[in-house]
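Residue numbers (my numbering): 19 to 269. I have placed the structure first, in the form of structure tokens, so that the comments after it can refer back to it.
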Ligand SMILES: Nc1nc2c(c(=O)[nH]1)N[C@H]1C(S)=C(S)[C@@H](COP(=O)(O)O)O[C@H]1N2
Ligand SMILES: [Mo]
């Protein structure tokens with residue numbers, strides 16, 4: 019007489035399914051190792067393996083075109099902003115930068131260069147933005163900034179034609195740090211050329227006298243100490259893109 023369990027699960031069938039599981043698991047592991055070897059053998063494209071770069075480019079396409087940059091970052095009240103603002107990244111900031119002789123350089127389409135001092139930038143109506151600043155390293159904090167809308171700046175200084183090109187490039191005065199940004203994000207009303215943090219002029223390590231604040235992007239795109247701005251239909255080179263990160267880096 020067989021017991022009830024034996025009727026349903028015979029030792030033979032258990033043994034068989036154990037073998038099947040074992041073989042399937044083996045195939046799975048071989049597949050993983052194979053994929054890994056294949057992935058590692060792929061060429062590097064812009065600092066990362068080409069299949070990964072393809073995936074990032076696809077994400078960029080989806081987020082850049084479908085989601086668009088009309089979206090806005092959530093805003094906070096000044097009470098919610100931290101007073102001890104974290105300092106992160108000092109590429110392109112140098113040791114003893116002289117802000118008194120600084121001028122912002124804008125390369126126009128006819129290749130003329132426009133030179134503007136901080137007072138000329140401050141002529142425009144100020145915009146304050148308090149938002150959750152996010153770094154790809156995993157930290158975030160609510161911070162408070164003031165400056166002029168990039169879209170206002172474009173109008174005021176006759177750069178409408180330039181701003182129709184797909185990308186804006188920003189570079190530090192020493193050219194050590196540089197970013198490229200899609201035009202929609204640049205023209206987003208929350209994007210500012212920023213000269214103040216927490217009601218005081220920007221500190222040196224936060225990019226005095228002028229930095230970019232672009233709340234729809236991760237921290238890597240908020241270039242500190244702008245030296246030059248230019249416009250182009252080709253992607254401007256980008257510091258962290260060259261090191262394997264997503265070019266778009268949108269939130
Ligand atoms: N010139 C310059 N700008 C920069 C960086 C840098 O290394 N150099 N780092 C970026 C990164 S990764 C972040 S998270 C933010 C940090 O801004 P904060 O130092 O004001 O917090 O600046 C960005 N802008
Ligand atoms: Mo960052």
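We treat Cβ as the ideally placed atom computed from N, Cα and C, and that holds for glycine.
- Task: Just the C-alpha distance for residue 261 and residue 155, rounded to the nearest angstrom, thanks.
- Result: Looking up residue 261 in the chain shown gives position 243. Looking up residue 155 in the chain shown gives position 137. For residue 261 and residue 155, the distance between alpha carbons rounds to 14 angstroms.
- Query: Cα-Cα, which of 130, 137, 108 is closest to residue 119?
  - Reply: By 1-based counting over the chain shown, the position of residue 119 is 101. The option with the nearest alpha carbon to residue 119 is 137.
- Determine the direct distance from the alpha carbon of residue 99 to that of residue 12, and round the result to whole angstroms. Past the edges of the chain, shown from 19 to 269, lies residue 12, and the structure says nothing about it.
- Item | Helix, strand or coil at residue 235 [DSSP, three-state] | For this step, residue 235 is matched to residue 217 along the chain shown. Three-state DSSP puts residue 235 in a strand.
- Assuming residue 210 contacts residue 165 (C-beta within less than 8 angstroms), just tell me the rounded distance between them. Numbered from its first residue, the chain shown carries residue 210 at position 192. Numbered from its first residue, the chain shown carries residue 165 at position 147. Right, the Cβ-Cβ distance comes to about 4 angstroms (below 8 angstroms), so this counts as a contact.
- Under three-state DSSP, which class holds residue 122? For the purposes of this step, residue 122 is identified with residue 104 of the chain shown, where counting begins at 1. It is a strand residue.
- Message: Using a Cβ-based criterion (distance less than 7 angstroms to any ligand heavy atom), does residue 238 qualify as near ligand 1?
- Response: Residue numbering aside, residue 238 sits at position 220 when the chain shown is read from its first letter. The answer is yes for residue 238.
- Roughly how many whole angstroms lie between the Cα atoms of residue 131 and residue 94? The sequence position of residue 131 within the chain shown is 113, counting from 1. The sequence position of residue 94 within the chain shown is 76, counting from 1. C-alpha separation (whole angstroms): 37 angstroms.
- Which whole runs of the beta strand (DSSP E) in the segment 198–224 are 3 residues long or more, in chain order? 210–215
- Kindly list the residues whose CB is nearer than 7 angstroms to the CB of residue 250, restricted to its own chain and excluding five residues on each side of it in sequence; keep chain order. Residue 250 sits at position 232 when you count from the first residue of the chain shown. 183, 185, 187, listed in sequence order.
- Would you mind working out which of 142, 265, 89 sits nearest residue 205, comparing C-alpha positions? By 1-based counting over the chain shown, the position of residue 205 is 187. For the residues 142, 265, 89, the minimum Cα distance to residue 205 belongs to 89.
- Item | Cβ-heavy atom distance, residue 107 to ligand 2, below 7 angstroms | The residue given as residue 107 occupies position 89 in the chain shown. Yes, the Cβ of residue 107 comes within 7 angstroms of a heavy atom of ligand 2.
- Cβ of residue 154 within 7 angstroms of any heavy atom in ligand 2? As a working note, residue 154 is residue 136 in the chain shown. For ligand 2, at least one heavy atom lies less than 7 angstroms from the Cβ of residue 154.
- Task: Whole angstroms is fine: what's the gap from residue 86's alpha carbon to residue 269's?
- Result: Residue numbering aside, residue 86 sits at position 68 when the chain shown is read from its first letter. Residue numbering aside, residue 269 sits at position 251 when the chain shown is read from its first letter. Because residue 86 carries a pLDDT of 48, less than 50, the predicted location of this residue cannot be relied on, and no value is offered for it.
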